[in-house]
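Those letters in the sequence shown? Residues 242 to 354, per the numbering used here, in order.
In what follows, a structure is listed as structure tokens, so that the remarks can point back to it.
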Amino acid sequence: FRRCAQEKDLKNWLSAMGLEMKDVDSLFRLVDLDGNGSVTVDELISGCADLKGTAKSFDLAVLTRNHRRLQQLARALESKLGGDTVAQAADRPPDGATLGSSAGASSGEGAAC
Numbered sequence: 242f243r244r245c246a247q248e249k250d251l252k253n254w255l256s257a258m259g260l261e262m263k264d265v266d267s268l269f270r271l272v273d274l275d276g277n278g279s280v281t282v283d284e285l286i287s288g289c290a291d292l293k294g295t296a297k298s299f300d301l302a303v304l305t306r307n308h309r310r311l312q313q314l315a316r317a318l319e320s321k322l323g324g325d326t327v328a329q330a331a332d333r334p335p336d337g338a339t340l341g342s343s344a345g346a347s348s349g350e351g352a353a354c
């Protein structure tokens, strides 16, 4: 896709659609509608049609995709925590610590990222 993205015809078509090729990787992820790691011509046309317009549409689509990915990761984390929500887990002190305790603070244990 990166190679194709450098071709003049594709650049001209994207420009005519009102899209800038600022971030090839993000564009690829956005138009790979089925998430299989490849983009068909139909996906490219459909995906770009969804993004047609100002750069704000592109940026919003990138943020939306990233948000969905974070939601998936949060659900996976919830599952590993035995069904607790991520918020509940974040409110619970680390094992062996009490609220207000600085246990593990210097070593980074229990630190949220």
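Ideal placement from N, C-alpha and C gives every residue a C-beta, glycine not left out.
> Excluding five sequence neighbours on each side, which residues of the same chain lie with their C-beta closer than 8 Å to the C-beta of M262?
Replying inline: Around M262, the same chain offers A246, K252, L255 and L268 as residues with beta carbons nearer than 8 Å, after the five sequence neighbours per side are excluded.
> Applying the criterion that 16 or more other CB atoms from any shown protein chain within 10 Å of the CB defines a buried residue, is V282 buried or exposed?
Replying inline: Around the Cβ of V282, a 10 Å sphere holds fewer than 16 other Cβ atoms; the residue is exposed.
> From which residue to which residue does the alpha helix (DSSP H) around S287 run?
Replying inline: Start and end: V282 to L292.
> For the alpha helix (DSSP H) that contains D266, what are its first and last residues?
Replying inline: That run of the alpha helix (DSSP H) goes V265 to V272.
> Terminal residues of the continuous alpha helix (DSSP H) containing L255?
Replying inline: K249 to A257 is the span of the alpha helix (DSSP H), which, as asked, contains L255.
> When the Cα atoms are used, what is the spatial distance from E284 to V272?
Replying inline: Taking the straight line from one Cα to the other gives about 6 Å.
>> Assuming the contact rule is C-beta atoms closer than 8 Å, L304 and S298 should be a hit. Round their C-beta distance to whole Å, please.
In response: Contact flag wrong, Cβ pair sits at about 11 Å.
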